[in-house]
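Residue numbers (the numbering used here), protein chains in the order written: chain S, 468 to 746; chain Y, 17 to 289.
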Amino acid sequence: MTTLAADLRAFAATVRKELRTVRRYPTQWLGLIFWPVLLPASYVLMGQAFSGSDARSIAAFAERSGTVEVAGFVFVGFAMYMWLSTILWGPGTALRTEQMRGSLEAVFLTPTSRLVALFGPPAAALPTLVITFVVMGVAMWLLFGVALPLDGVLRSLVVIAFALPALYAIGTLFAAGVLRFGEIGPIVQLVRGLFVLACGITFPVLMLPGWAQAVAWVLPPTYIVQDIRAVLLRGLGLGDIAGDIAITMGLTVAFAVLAVVTFRVLERGARRSGMLGRY
Amino acid sequence: MEEIRAALAIARKDMRNLSRYKWSMLATVFIPLYQGVIPAFLFGAAFAVGGRVIGLESAIGTDNLSGFIFMGGVIAGLVATTFWSIAMSLRWEMDLGTLEPTWLTPTRHDTILIGRAIFGVGQFVVSQVILFAVGIAFFGLRFSLDIVYAVPAVAVAVVAMLGFAYLLAGIVLLIREANFFIDSTNFLFGIASGVSFPITFLPLAFQPLALLLPTTYAMDLLRQHALGARPLFDPALEYVGLIVTTLVVLPFGRWAFARAERSMRVRGTLGQY
Numbered sequence: 468m469t470t471l472a473a474d475l476r477a478f479a480a481t482v483r484k485e486l487r488t489v490r491r492y493p494t495q496w497l498g499l500i501f502w503p504v505l506l507p508a509s510y511v512l513m514g515q516a517f518s519g520s521d522a523r524s525i526a527a528f529a530e531r532s533g534t535v536e537v538a539g540f541v542f543v544g545f546a547m548y549m550w551l552s553t554i555l556w557g558p559g560t561a562l563r564t565e566q567m568r569g570s571l572e573a574v575f576l577t578p579t580s581r582l583v584a585l586f587g588p589p590a591a592a593l594p595t596l597v598i599t600f601v602v603m604g605v606a607m608w609l610l611f612g613v614a615l616p617l618d619g620v621l622r623s624l625v626v627i628a629f630a631l632p633a634l635y636a637i638g639t640l641f642a643a644g645v646l647r648f649g650e651i652g653p654i655v656q657l658v659r660g661l662f663v664l665a666c667g668i669t670f671p672v673l674m675l676p677g678w679a680q681a682v683a684w685v686l687p688p689t690y691i692v693q694d695i696r697a698v699l700l701r702g703l704g705l706g707d708i709a710g711d712i713a714i715t716m717g718l719t720v721a722f723a724v725l726a727v728v729t730f731r732v733l734e735r736g737a738r739r740s741g742m743l744g745r746y
Numbered sequence: 017m018e019e020i021r022a023a024l025a026i027a028r029k030d031m032r033n034l035s036r037y038k039w040s041m042l043a044t045v046f047i048p049l050y051q052g053v054i055p056a057f058l059f060g061a062a063f064a065v066g067g068r069v070i071g072l073e074s075a076i077g078t079d080n081l082s083g084f085i086f087m088g089g090v091i092a093g094l095v096a097t098t099f100w101s102i103a104m105s106l107r108w109e110m111d112l113g114t115l116e117p118t119w120l121t122p123t124r125h126d127t128i129l130i131g132r133a134i135f136g137v138g139q140f141v142v143s144q145v146i147l148f149a150v151g152i153a154f155f156g157l158r159f160s161l162d163i164v165y166a167v168p169a170v171a172v173a174v175v176a177m178l179g180f181a182y183l184l185a186g187i188v189l190l191i192r193e194a195n196f197f198i199d200s201t202n203f204l205f206g207i208a209s210g211v212s213f214p215i216t217f218l219p220l221a222f223q224p225l226a227l228l229l230p231t232t233y234a235m236d237l238l239r240q241h242a243l244g245a246r247p248l249f250d251p252a253l254e255y256v257g258l259i260v261t262t263l264v265v266l267p268f269g270r271w272a273f274a275r276a277e278r279s280m281r282v283r284g285t286l287g288q289y
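In structure tokens:
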């Protein structure tokens, strides 16, 4: 068996193991319905209170966000929030869980690629994410009457395909932190907060002060959420957002290189200090 | 007297625990800011016309956006303290395996909860003072000094929330996976109390439920005194609603907690998790 085939088998086994673990905790599935519906719905109601359904308020919002569809804007933003949470937490949490169980050292001693340990568990979260997106789409339609066009949904899948590597690269960067610091929960909380604030997830980027907007435009999630909104809510084609996709790919390469270098350096340090077996 | 000493000792112990985790201390201020205040403020400001949130003005009678959000944060903080710092903390003690030895001490079991409530309310007051300072410095938070007239309403709401803390503590001791229960009910309780938007924007079917919560009245009285917001009902009637719901929930919560405790002793689940 070639190394690649063996790694793929190990990857599939990791995904199977994670899915089996998730299946053992059925109450977690309640969250799959609860949060994707009620979190954005509460924001939409907040938007109704702030706008008072006044045409001038809605026009002001449209000028800043690019769409009059407040519910659509909010639901797409929160879908990005859930996705970002999974990706940012995913690889790091996977390593941290192995570290706390005392099995990280053993996993790193196997001849499988590090990519298996890093991306196997987050890949197992993909079906959950798909369910989350479907639930949000249905809730948006049933509760607020916003039906997403099929061609827009297909175009958004293309955007997601380009976005995945960028988000996994950021996730890997955080995972590397586990090897150095162990518990990175509070740091991830902080960074996730900054991403939520900077990337226009719950409000238009234009609302940020100038310096914060400058930061926003070097973060891939800003382009990703903006492009998904553009194809779903404004009916733009892929050609219209090609520039953004090119920038996202460029940022992906930058983040990926940074992540690989950081991971290698910190892993070497963890092997020397014995951090792999501690927590 | 001994019970007061025990309650204060529990509050001191919780304070000492928190002081050992600097990030957690920062999080008590940082998380409400980045999860609640800043996104809500910038989202609301996106609807502003000529610098005024005219929609909010037509909804509650004032366009003071930052005031609306920060006052909502006061009641949201109180609710979160009840759900997490008081009720859920018993569960954490259970997970650590220290609940049974604590239960075996000659201290009344109510005292254990009250000690945590003292710490929780203290932490809540300190974090609100810091949040208000941040609001005044960076978010243009302005409010009337008449806010002091709302202090009795918030104080009664604190007592009411102790009743809810008893009730929730009883539930989290009985169910195995309490995290989702506390997280989701905390969220729903805050929304139904009107912390994020006036309850008149809730679907009609849920509005009567909101009127059963003492925090709904406390929220309305606080915004009315601090911001001059239009109240839902006559303020005197709101005080009656606040006091009546408090008088109902406090004994009911204590009764439910006692029942849950008895059930745990009979089933022997005090030392399990």
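Cβ atoms here follow ideal geometry from the backbone N, Cα and C, with glycine treated the same way.
{"Query": "N-terminal and C-terminal residue of the alpha helix (DSSP H) that threonine 44 of chain Y is part of", "Result": "38–47"}
{"Query": "Endpoints, the alpha helix (DSSP H) within which methionine 513 of chain S is located", "Result": "497–518"}
{"Query": "contact_flag[the segment 252–263 of chain Y, the segment 79–90 of chain Y] where n(CB pairs < 8 Å) is 3 or more", "Result": "no"}
{"Query": "Complete runs of the alpha helix (DSSP H) confined to the segment 144–210 of chain Y [at least 4 residues]", "Result": "167–190 and 194–208"}
{"Query": "Neighbourhood of phenylalanine 63 of chain Y by C-beta, 7 Å cutoff - its chain only, sequence neighbours within 5 removed", "Result": "Val69 and Gly71"}
{"Query": "Residue from S/Tyr510, S/Gly587, S/Ser580 and S/Ala472 whose Cα sits closest to the Cα of lysine 484 of chain S", "Result": "S/Gly587"}
{"Query": "Short Cβ contact (8 Å threshold) for leucine 266 of chain Y with alanine 166 of chain Y", "Result": "no"}
{"Query": "Secondary structure of arginine 487 of chain S, DSSP reduced to three states", "Result": "helix"}
{"Query": "For arginine 68 of chain Y, the three-state DSSP class (helix, strand or coil)", "Result": "strand"}
{"Query": "Distance, asparagine 80 of chain Y Cα to aspartate 1 of chain Y Cα", "Result": "Outside the displayed span of chain Y (17 to 289) sits residue 1 of chain Y, for which this structure offers no information."}
{"Query": "Chain-ordered residues of the segment 61–76 of chain Y with a beta carbon less than 7 Å from chain S", "Result": "Ala61, Ala62, Phe63, Ala64, Val65, Val69, Ile70, Gly71, Leu72, Ser74 and Ala75"}
{"Query": "Assigned secondary structure, asparagine 33 of chain Y (DSSP; H/G/I helix, E/B strand, else coil)", "Result": "helix"}
{"Query": "Residue-level contact to chain S via CB, glutamine 51 of chain Y, 8 Å cutoff", "Result": "yes"}
{"Query": "Contact list for the segment 203–214 of chain Y against chain S, Cβ threshold 8 Å", "Result": "Phe203, Leu204, Ile207, Ser212, Phe213 and Pro214"}
{"Query": "Whether methionine 547 of chain S touches threonine 599 of chain S by CB criterion (8 Å)", "Result": "no"}
{"Query": "Contacts around alanine 723 of chain S, its chain only, beta-carbon distance under 6 Å, and the 5 residues preceding and following it disregarded", "Result": "Ala636"}
{"Query": "Chain S within 8 Å of alanine 56 of chain Y, Cβ atoms only", "Result": "yes"}
{"Query": "Three-way DSSP call (helix, strand, coil) for methionine 280 of chain Y in this model", "Result": "helix"}
{"Query": "Phenylalanine 249 of chain Y (DSSP reduced to helix, strand or coil)", "Result": "coil"}
{"Query": "Whole-angstrom distance between leucine 576 of chain S and leucine 664 of chain S, CA atom to CA atom", "Result": "40 Å"}
{"Query": "Under 8 Å between C-beta atoms of threonine 98 of chain Y and methionine 177 of chain Y", "Result": "yes"}
{"Query": "Given 8 Å, three or more beta-carbon pairs between the segment 118–131 of chain Y and the segment 22–29 of chain Y", "Result": "yes"}
{"Query": "Straight-line gap, leucine 263 of chain Y to alanine 226 of chain Y (C-alpha atoms, nearest Å)", "Result": "17 Å"}
{"Query": "CB contact below 8 Å: phenylalanine 59 of chain Y versus chain S", "Result": "yes"}
{"Query": "Nearest-angstrom Cα separation, counted from isoleucine 163 of chain Y out to alanine 153 of chain Y", "Result": "19 Å"}
{"Query": "Distance between leucine 229 of chain Y and leucine 183 of chain Y (C-alpha atoms, nearest Å)", "Result": "14 Å"}
{"Query": "Distance CB(glycine 736 of chain S)-CB(arginine 647 of chain S) smaller than 8 Å", "Result": "yes"}
{"Query": "Rounded C-alpha distance that separates phenylalanine 662 of chain S from glycine 244 of chain Y", "Result": "35 Å"}
{"Query": "For glycine 539 of chain S, the nearest candidate out of S/Arg563, S/Phe641, S/Ile627 and S/Phe611 (CA to CA)", "Result": "S/Phe611"}
{"Query": "Same chain only: Cβ atoms within 6 Å of methionine 603 of chain S, ignoring 5 sequence neighbours per side", "Result": "Pro503, Phe542 and Ala546"}
{"Query": "Pair within 8 Å by beta-carbon distance, threonine 534 of chain S and leucine 700 of chain S", "Result": "yes"}
{"Query": "Any C-beta of chain Y under 8 Å from that of aspartate 521 of chain S", "Result": "yes"}
{"Query": "Interface positions of the segment 657–679 of chain S facing chain Y (Cβ-Cβ less than 9 Å), listed along the chain", "Result": "Leu657, Arg659, Gly660, Leu661, Val663, Leu664, Ile668, Thr669, Phe670, Pro671, Leu673, Met674 and Leu675"}
{"Query": "Burial state of methionine 17 of chain Y, where buried means 16 or more other Cβ atoms lie within 10 Å", "Result": "exposed"}
{"Query": "Burial state of asparagine 202 of chain Y (16 or more Cβ within 10 Å)", "Result": "buried"}
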